[in-house]
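Each residue of the sequence shown is one higher than the last, beginning at 102 in my numbering.
First up is the structure itself, then whatever we jot down about it.
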Amino acid sequence: MAYKRPHHHPTRQGVNEEDEETVYITPLGAAKEVGRSCLILKYKGRTIMLDCGIHPGRTGDDSLPFFDSGPDAADIDLILISHFHLDHAASLPYFTEKVQGGAFKGRIFATHPTKAIMRLMLQNHIRTDTVRLAADGTTPDEGQQEAPLYTEADLLACLDKIEVIDFQQRMEHRGIRFWCYNAGHVLGAAMFMIEIGGLRVLYTGDYSMEDDRHLMAAEVPYQYTPDILIVESTYGVQNHPPKEERERRFTARHQRHYIVHREIICIVIKLVKQGLGQFILRLREGRCSRCSSSISISGRSS
Numbered sequence: 102m103a104y105k106r107p108h109h110h111p112t113r114q115g116v117n118e119e120d121e122e123t124v125y126i127t128p129l130g131a132a133k134e135v136g137r138s139c140l141i142l143k144y145k146g147r148t149i150m151l152d153c154g155i156h157p158g159r160t161g162d163d164s165l166p167f168f169d170s171g172p173d174a175a176d177i178d179l180i181l182i183s184h185f186h187l188d189h190a191a192s193l194p195y196f197t198e199k200v201q202g203g204a205f206k207g208r209i210f211a212t213h214p215t216k217a218i219m220r221l222m223l224q225n226h227i228r229t230d231t232v233r234l235a236a237d238g239t240t241p242d243e244g245q246q247e248a249p250l251y252t253e254a255d256l257l258a259c260l261d262k263i264e265v266i267d268f269q270q271r272m273e274h275r276g277i278r279f280w281c282y283n284a285g286h287v288l289g290a291a292m293f294m295i296e297i298g299g300l301r302v303l304y305t306g307d308y309s310m311e312d313d314r315h316l317m318a319a320e321v322p323y324q325y326t327p328d329i330l331i332v333e334s335t336y337g338v339q340n341h342p343p344k345e346e347r348e349r350r351f352t353a354r355h356q357r358h359y360i361v362h363r364e365i366i367c368i369v370i371k372l373v374k375q376g377l378g379q380f381i382l383r384l385r386e387g388r389c390s391r392c393s394s395s396i397s398i399s400g401r402s403s
């Protein structure tokens with residue numbers, strides 16, 4: 102890694118791990134920063150990795166979580182991926198296939214949509230990273246051109262390891278009980294409730310408590326109260342305008358991009374985030390009801 106922190110094992114000396122009553126939560130990323138979400142939860146001899154993303158503002162090794170500050174890959178029992186965005190999932194192939202020679206032998210879970218869209222997102226990430234490196238002409242000390250963090254073969258091997266889980270489906274692995282709720286962020290985004298030895302931890306990743314035009318709001322787990330809540334806080338101190346106001350501003354801002362020819366309306370908008378495309382399609386139903394012709398959408402990420 103480009104950044105190294107002192108390696109430590111948080112279990113107290115002389116205490117059997119399965120008798121340990123202390124809960125250890127170690128951020129390997131996303132601590133006082135936005136990006137590379139990756140946390141280690143350790144309790145009673147069980148170790149869970151929560152998300153495994155990259156830092157969107159960095160490249161190469163700089164973008165990875167601080168894996169060298171965490172436990173050995175072989176000691177991690179379970180990885181839970183909340184959703185498919187790069188800052189929560191794009192380091193996973195590197196971790197499963199590269200870290201300590203692919204020493205991780207635990208289980209990985211994500212929802213059906215998360216696994217399916219991850220494949221597309223990370224294939225595109227590999228392609229764009231390859232183009233970036235070729236354009237930069239970056240050359241490391243050994244005189245060979247720097248390579249992407251992982252190959253498409255690494256990605257496919259990683260995807261083969263991911264097991265799918267449905268919302269509300271109960272699973273158990275090595276005494277770790279877990280299930281997930283709809284997070285309302287993007288298609289398939291999940292909040293995970295984890296139970297070990299009677300202790301419940303809720304990990305949210307990104308979530309939304311507001312119904313959108315294409316997604317329901319996040320579920321509230323009324324039936325099971327968590328003892329510990331690990332919550333995404335990127336916008337935790339910001340007040341957003343009401344949904345109706347945001348939609349009005351969006352349609353007004355992009356009105357100049359409407360190209361009208363023979364009753365066909367083409368909306369030309371650069372989309373960066375997955376999920377925005379579905380939102381625009383739903384928004385069109387309310388804003389463009391005057392248009393009876395079919396809509397064709399073409400897009401590529403950049």
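Using N, Cα and C, we set each Cβ at its ideal position, and we do this for glycine too.
Buried or exposed by the 16-neighbour rule on C-beta atoms within 10 Å, applied to residue i
{"i": "MET317", "result": "exposed"}
{"i": "ASP328", "result": "exposed"}
{"i": "GLU345", "result": "exposed"}
{"i": "ILE398", "result": "Because ILE398 sits at a pLDDT of 41, beneath the cut-off of 50, its placement in the model cannot be relied upon, and the following sentence gives the value as read from the coordinates. Exposed: under 16 other Cβ atoms inside 10 Å."}
{"i": "ALA248", "result": "exposed"}
{"i": "VAL287", "result": "buried"}
{"i": "THR212", "result": "buried"}
{"i": "LYS133", "result": "exposed"}
{"i": "SER192", "result": "buried"}
{"i": "ASP120", "result": "exposed"}
{"i": "GLY299", "result": "exposed"}
Beta-carbon separation (whole angstroms), residue i vs residue j, contact threshold 8 Å
{"i": "ALA210", "j": "GLU264", "result": "Reading the sequence as shown, one finds Phe at residue 210 and not Ala. With a Cβ gap of about 5 Å, PHE210 and GLU264 count as contacting."}
{"i": "ILE331", "j": "ARG147", "result": "Going by Cβ atoms, the distance from ILE331 to ARG147 rounds to 16 Å, so no, they are not a contact pair."}
{"i": "TYR323", "j": "ARG301", "result": "Their Cβ separation, rounded to whole angstroms, is 13 Å, which puts TYR323 and ARG301 out of contact at 8 Å."}
{"i": "LYS145", "j": "ILE297", "result": "6 Å"}
{"i": "GLY158", "j": "GLY130", "result": "Contact doesn't hold; Cβ gap of about 12 Å is too wide."}
Element boundaries [alpha helix (DSSP H), containing residue i]
{"i": "CYS259", "result": "253-262"}
{"i": "ALA217", "result": "213-237"}
{"i": "PRO194", "result": "193-198"}
Host beta strand (DSSP E) of residue i (start-end)
{"i": "HIS184", "result": "No beta strand (DSSP E) contains HIS184, which DSSP labels as neither H nor E."}
{"i": "GLU296", "result": "291-297"}
{"i": "LYS143", "result": "139-144"}
{"i": "CYS153", "result": "From DSSP, CYS153 is part of no beta strand (DSSP E); its letter is neither H nor E."}
{"i": "LEU129", "result": "125-130"}
{"i": "ILE277", "result": "277-283"}
{"i": "HIS286", "result": "Careful: HIS286 lies outside any beta strand (DSSP E) and carries neither H nor E."}
{"i": "GLU273", "result": "272-274"}
May I have a chain-ordered list of the beta strand (DSSP E) segments no shorter than 3 residues that lie completely inside the region 299-353?
-> For the region 299-353, the full-length beta strand (DSSP E) segments reaching 3 residues or more read 300-304, 329-331 along the chain.
Does the region 215-225 touch the region 183-196, meaning 3 or more C-beta pairs lie closer than 8 Å?
-> Contact holds: three or more Cβ-Cβ distances are below 8 Å.
Touch test, the region 194-205 against the region 248-263, Cβ-Cβ under 8 Å, three pairs minimum | Pairwise C-beta distances place the region 194-205 in contact with the region 248-263, as three or more of them are shorter than 8 Å.
Count the C-beta pairs between the region 305-321 and the region 281-293 that are closer than 8 Å, then say yes if the count reaches three, no if not.
-> Judged by Cβ distances under 8 Å, the region 305-321 makes contact with the region 281-293, as three or more pairs qualify.
Quick check: the region 175-182 against the region 149-164, are there 3 or more CB pairs under 8 Å?
-> Flag = yes, the region 175-182 and the region 149-164 touch.
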